[in-house]
Structure formats: C-alpha cells, structure tokens
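Visitor:
Numbering (the working numbering), first residue to last: 25 to 583.
(1) Tell me which same chain residues have a C-beta within less than 8 Å of the C-beta of residue 383, skipping the five on either side of it?
(2) Determine the burial state of residue 5: buried for a count of at least 16 other Cβ atoms within 10 Å of its Cβ, exposed for fewer.
(3) DSSP puts residue 22 in a beta bridge; with which residues?
(4) Should residue 397 and residue 317 be called a contact, given that it needs their Cβ atoms to be closer than 8 Å?
(5) Within 10 Å of its beta-carbon, does residue 386 have 16 or more other beta-carbons around it, so buried, or fewer, so exposed?
(6) Take the Cβ of residue 521 as the centre, count every other Cβ of all protein chains shown within 10 Å, and call the residue buried at 16 or more, exposed below.
(7) By the 10 Å Cβ neighbour count, where 16 or more other Cβ atoms means buried, how is residue 354 classified, buried or exposed?
(8) Just to confirm, is the Cβ distance from residue 485 to residue 528 under 8 Å?
(9) For residue 459, does the three-state DSSP call read helix, strand or coil?
(10) Does the distance from the C-beta atom of residue 234 to that of residue 78 stay below 8 Å?
(11) Cβ of residue 373 versus every heavy atom of the ligand NAP: is any distance shorter than 7 Å?
(12) Residue range of the alpha helix (DSSP H) that residue 116 falls in?
(13) Identify every run of the alpha helix (DSSP H) within the stretch 54-108, keeping only runs that are complete inside it and at least 4 residues long; order them along the chain.
(14) Let's test the definition: count the other Cβ atoms within 10 Å of the Cβ of residue 181 and tell me whether it reaches 16, buried, or not, exposed.
(15) How would you call residue 409, buried or exposed, if buried means at least 16 neighbouring beta carbons within 10 angstroms?
(16) Between which two residues does the beta strand (DSSP E) carrying residue 514 extend?
(17) According to DSSP, which residues form a beta bridge with residue 541?
(18) To which residues does DSSP link residue 389 through a beta bridge?
(19) Please go through the same chain and pick out, in chain order, the residues whose beta-carbon is closer than 7 Å to the beta-carbon of residue 141, but skip the five residues on each side of it.
(20) Verify whether the separation of the beta carbon atoms of residue 395 and residue 536 is less than 8 Å.
(21) How close, in whole Å, do the beta carbons of residue 127 and residue 149 come, if the pair is a contact with beta carbons under 8 Å?
(22) Looking only at C-alpha atoms, which of 338, 399, 375 and 377 sits nearest to residue 367?
(23) Check this for me: beta carbons of residue 508 and residue 571, under 8 Å apart or not?
(24) Expressed to the nearest angstrom, what Euclidean distance is found between the alpha-carbon atoms of residue 249 and residue 100?
(25) Using alpha carbons as the reference points, say which of 573, 61, 111 and 295 lies closest to residue 584.
(26) Nearest-angstrom Cα distance between residue 568 and residue 294?
(27) Suppose you measure from the CA of residue 215 to the CA of residue 356; what does that come to, to the nearest Å?
(28) Which word fits residue 268, buried or exposed, when buried means at least 16 other C-beta atoms lie within 10 angstroms of its C-beta?
(29) Using the Cα positions of residue 287 and residue 369, report the straight-line distance between them to the nearest angstrom.
(30) Can you give me the Cβ contacts of residue 206 inside the same chain, cut-off strictly under 6 Å, excluding the 5 residues immediately before and after it?
(31) Anyone know if the C-beta pair for residue 124 and residue 106 falls short of 8 Å?
(32) May I ask you to list the residues that DSSP assigns as paired with residue 147?
(33) Quick test of your reading: residue 573 and residue 468, contact by CB under 8 Å. State the CB separation rounded to the nearest angstrom.
(34) Looking at residue 504 and residue 559, is the spacing between their C-beta atoms short of 8 Å?
(35) Check whether the Cβ atoms of residue 575 and residue 470 sit closer than 8 Å, and answer yes or no.
(36) Applying the criterion that 16 or more other CB atoms from any shown protein chain within 10 Å of the CB defines a buried residue, is residue 92 buried or exposed?
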C-alpha cells in the first residue's frame, strides 16, 4: 500500500468518526489546568485544497491536529480558531475578516473540538494578522496564565496586515502570547515571515512538506508547550512484549492472539469476543516497572477495539492480578504512527494482561491487532512497596470446599506420572453418556463430544489394574462459550457401576495456554480402577459443554 492510498484510508476514518471521547491518558495537576491555555489556529485558505504527499493539505492538517489533541493532557485548556473557512460569495478579500473561534479555549469539549475540525472547509485568503488580533481576545486575561498559539499555515499573510507588527503591538500592551508557527509546504517568502513571527513571539518555527512531517512538527510544537505531553514512542523506548526483547504470550483466549506481540503480523486482526484476554511475561520472567502500553488503530472501523483494561501480577499468569487502568482508544488512524499510547502510573509486573472490554460497534465481537508494552526492569524482584499488590481491582480466582479454580491451574510438565487414560497406554472408555466418547482417550484433541449437564464418561486403566491417581487434565484450545467450565471427578476401586467416591469439583479457566493447552487439576492421591468425569457446566448461558481429550495421571499398582 503506498503512502497516498494509506492516507486516503485514514482520511475517510476522520469523516466516519461520529462519536466517542478522546482517550486522555495522562493525569494532570490542578496547576497545569490553571496555568496553560492553547489555541490552535488553522489556515483554511483556498490554497489548502492543494495536494502534498499524503493528500490534500487541509485533510492532512485536520488529521495531524486531531492526532496531537489526543496527546495533550485533559486538564490543559485548548481552543480552535480558523480563518477563511466560510464560502466566498464575491471578492476573495471578503475573507480578510473571516476568522472564527469555533471552540473556545477550555478544558472540556474535546469531542466538540474534533467534530468541528472534521467539518471545516477551505475557501478564501490568508488573514494571519487579523486572526492573531482576534485570538488575543480568546485567552484568559490573567497574567499568570501561559498563553500559546499553534499556527498552521501554508502561506504568508495576503490581506495587507503585518503579523509581526500585530505581535509587537500586543506585547506593547502587556499581552504576551507564545506563538509556534508551522509552515506547511510554504515558499521561501512565507517561511521567512512565519519564522520571524514565531521568533518575535518567543516561539519556534517548524517546517513540513508532507503528511508525516506535519504530524511530527505539530506534535513537537505541542510538546514544547505542554508539560506532561504523552507524545509518541521514541526509538529508545523498548517494547518489553516483543519476542526479540524476551517477551512471550503465556496464555490467551484465542491462540491466534500470539500475533499481537509479533511485528511480522502488524495490520492483521484477530476477531475476538468482549472479555477476551492475552497475558504476556517479560524477559526471563523478571519483574518490570511498566510505564505505558500502546495499541494500533489502522483505520476507522466499527469493530475496532474501544475500551480495554490492563491488569498486572507479580505472582503467576493466572492469579494475583490487579487493575492498572481502563482505557479508551480513538477510532481514527494517526498518520505518522498508528499506535495510540496509554500512560500507566508506574507499576510492577511479572505478567501483564490486556482484557478487551468493548468495541466501537457496541457489539460483543471485534478486532484486536497488536500491543506494545513499555517500561524498564524493576529495582527489586517483588511486589509493590509495602509488600502489597498494586492498588486497584483484584481479580479473585474464587474457591470453595472441593473446588479448584484458575488459581490451582498449572501447565502440564513434559515429565511426571503416566497418562493412564491414553489408549496407547491401555486406557479405555468403559461407559459414557454418548457412544462416541472413545475419542476422549485417543491422544488427539482435534475432536470433541458435545455434552450437556450431567453427562459422564467412565475410564478404566490397563487390564483393569488398580492405580494411584493424582491429577487430571483437560484442554482449553481457545476462549468460547461451549468450553467445559466445571466438572466433578469420582473414583471407584470396585467396578464401573458402583463404589464411586468424589475427589473434587474443578473449574477451568476459559483461556488457552499457548505452550500447552491442557489445564491440570490436582487432588489428594486416591486409588481406583475406574475414573468418572461428570460435566457440571459450560461457559455459555445454556447447559452445553464441549469435552475434548481427557488425561488422567498416576501410577499402576501391583496388588
């Protein structure tokens, strides 16, 4: 896909974006909210309909401004003024007084700001001087307020005023406004005027000639203005989740989600249900101090991820998780980098979980693409200071008498007791609620038996020998409603018809361990010739559950 085509897709995204709040990812202090005000002045003169690398100038400018707005802390007051956005009915000089404050300088109303930006059009001349005069009235009168204008223009003043003289006059009256001027595909004359304007106003001049360059310089201008500006991931930032940096997916709702940390799959999506999860660990399973995460939005789609939660644990991939925050994406593609960043309060984690909460279509299903995790190795290999888990919501594994849940799940080790249920080891299905249940011991997990509550299967061991049993294992291949949730294990020394005694009721975790999908459930050693598994529930609202391969571990005994 060439750059022009890519931008056209992104451009359409902005016009399709009808709702949704900006994801404001950086906490702000009261001081920031009281002392910083920014007004963006956007050139909407007729020349902004010309094209540059990446699309029409006006469309590129809109996209860049929206992208950078997403990175400015919520407590910073921001407004929008445009000039020459009104259609010209007669002489183009009519537009020399066409400078409109579309959104007042305020901390609220970011969504209104985006909506206004998307709707503006280009028509007339370039009244920069007049716009600066009017903009001076838009800020708070208090002297302690830091006032900043970010001016984006593709040309010099065309209405006879001298913008530099306007700034000098304002300063003589004690009105001090910092101005960062951005020349977008300008000639030498315009560049010189904008540069002098910025220097006179104590700001910086930036130059851009393409879509990518414009977003970069608008971002730099905002960064120079705002303390706490999130910005983009810099090359020095290490993506801790990347395999080349030691990151790995431990478990996931769908094995396909492993592509989320693999740059080779960038742009490809996995279609998942809300509630789907992916858990990663970092190099050598060390504890890291996490600072931010990033997820990409490549174009506006109703099925894009909207809200997600980040949870962390220093204990294990299945227990001890606490919430590090819930975040919302902006359903639009940034030009320079499709990744949208979300800042975390520094938090320690050996394992990090991303949980999909909702999608922009408000439905249950949508797209996950990729994920980056940024931070550094923690100073110590333990939990948060004070020996407690990070503040936030704790995920309970849930347990009760005779019930083992996710907290008790272990990944199957390659060594240990023999799988006595396997047909190749002499195991066999003696009886069952369904005639096809013999596939449950054939050593393959590519077929299942659809069971309902109360269905059972009875497994015998080699030559009906007595065995000492210690654990069972069942696979969860991906998150789905029909997965087996709870089941009971009973053991009999006597016969497949009588003498069964319960050794426990167990609950799976509706997630797939990627290294090995089998989830193990351990019980106190029990002796028997027959093992019965009784289906109690699935994960759906109904009573159905898919039963795949069953593994039974222990040792045969010589009587």
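A virtual CB, placed ideally from N, CA and C, is assigned to each residue, including glycine.
Guide: So, from the listed chains and residues:
(1) The sequence position of residue 383 within the chain shown is 359, counting from 1. Same-chain partners within the cutoff: 298, 326, 327, 328, 329, 330, 389, 390 and 391.
(2) No answer is possible for residue 5: it lies beyond the span of the chain, which begins at 25 and ends at 583.
(3) In this structure the chain extends from 25 to 583, so residue 22 is not present and cannot be described.
(4) Numbered from 1 along the chain shown, position 373 holds the residue referred to as residue 397. Numbered from 1 along the chain shown, position 293 holds the residue referred to as residue 317. Yes. Within cutoff.
(5) The residue you call residue 386 lines up with position 362 of the chain shown. With fewer than 16 Cβ atoms within 10 Å of its Cβ, residue 386 is classed as exposed.
(6) Mapped onto the chain shown, residue 521 falls at position 497. Exposed, by the Cβ-count rule.
(7) The sequence position of residue 354 within the chain shown is 330, counting from 1. Residue 354 comes out buried.
(8) Your numbering for residue 485 matches position 461 in the chain shown. Your numbering for residue 528 matches position 504 in the chain shown. No.
(9) The residue given as residue 459 occupies position 435 in the chain shown. Correct three-state label for residue 459: helix.
(10) For this step, residue 234 is matched to residue 210 along the chain shown. For this step, residue 78 is matched to residue 54 along the chain shown. Yes. Within cutoff.
(11) Of ligands this structure carries none, so the ligand NAP is not represented either.
(12) For the purposes of this step, residue 116 is identified with residue 92 of the chain shown, where counting begins at 1. No alpha helix (DSSP H) holds residue 116; DSSP gives it neither H nor E.
(13) 54-59 and 81-93
(14) In the chain shown, counting from the first residue as 1, residue 181 sits at position 157. When all chains shown are included, residue 181 counts as buried.
(15) Mapped onto the chain shown, residue 409 falls at position 385. Any reading at residue 409 needs caution, since the residue's pLDDT is 35, under 50, leaving its predicted position unreliable; the model's value is listed next. When all chains shown are included, residue 409 counts as exposed.
(16) If you number the chain shown from 1, residue 514 lands on position 490. Start and end: 508-516.
(17) Numbered from its first residue, the chain shown carries residue 541 at position 517. Note: residue 541 sits in no beta bridge, so no partner.
(18) On the chain shown, position 365 is the one that residue 389 refers to. Bridge partners of residue 389: 297.
(19) As a first step, residue 141 is located in the chain shown; it is residue number 117 there, counting from the start. These residues qualify, in order along the chain: 86, 89, 90 and 104.
(20) Residue numbering aside, residue 395 sits at position 371 when the chain shown is read from its first letter. Residue numbering aside, residue 536 sits at position 512 when the chain shown is read from its first letter. The answer is no: Cβ separation not under 8 Å.
(21) Reading the chain shown from its first residue, position 103 is the one you call residue 127. Reading the chain shown from its first residue, position 125 is the one you call residue 149. About 23 Å separates the two Cβ atoms, so there is no contact after all.
(22) Counting from one through the chain shown, the residue named residue 367 turns up at place 343. Here the closest residue by C-alpha is 399.
(23) Within the chain shown, numbered from 1, the residue matching residue 508 stands at position 484. Within the chain shown, numbered from 1, the residue matching residue 571 stands at position 547. Yes, Cβ-Cβ distance for residue 508 and residue 571 is below 8 Å.
(24) Translated into positions along the chain shown, residue 249 becomes position 225. Translated into positions along the chain shown, residue 100 becomes position 76. About 10 Å.
(25) The structure shown has nothing for residue 584, since the chain only spans 25 to 583.
(26) Residue numbering aside, residue 568 sits at position 544 when the chain shown is read from its first letter. Residue numbering aside, residue 294 sits at position 270 when the chain shown is read from its first letter. C-alpha separation (whole angstroms): 25 Å.
(27) On the chain shown, residue 215 is found 191 positions in, with the first residue counted as 1. On the chain shown, residue 356 is found 332 positions in, with the first residue counted as 1. Going by the C-alpha atoms only, they are around 31 Å apart.
(28) Taking the chain shown and counting its residues from 1, one reaches residue 268 at position 244. Exposed.
(29) For this step, residue 287 is matched to residue 263 along the chain shown. For this step, residue 369 is matched to residue 345 along the chain shown. Computed Cα separation, rounded: 26 Å.
(30) Here residue 206 refers to the residue found at position 182 of the chain shown. Answer for residue 206: 176, 230 and 241, listed in chain order.
(31) Along the chain shown, read from residue 1 onward, the residue named residue 124 stands at position 100. Along the chain shown, read from residue 1 onward, the residue named residue 106 stands at position 82. For residue 124 and residue 106, yes; Cβs fall inside 8 Å.
(32) Along the chain shown, one-based indexing puts residue 147 at 123. Answer is none; residue 147 lacks a bridge partner.
(33) Residue mapping note: residue 573 aligns to position 549 of the chain shown, counting from 1. Residue mapping note: residue 468 aligns to position 444 of the chain shown, counting from 1. Going by Cβ atoms, the distance from residue 573 to residue 468 rounds to 7 Å, so yes, they are a contact pair.
(34) Here residue 559 refers to the residue found at position 535 when the chain shown is read from its first residue. Here residue 504 refers to the residue found at position 480 when the chain shown is read from its first residue. Cβ distance not < 8 Å, so residue 559 and residue 504 don't count as in contact.
(35) As a first step, residue 575 must be located in the chain shown, where it is residue number 551. As a first step, residue 470 must be located in the chain shown, where it is residue number 446. Cβ distance not < 8 Å, so residue 575 and residue 470 don't count as in contact.
(36) Residue 92 sits at position 68 when you count from the first residue of the chain shown. Buried, since its Cβ has 16 or more Cβ neighbours within 10 Å.
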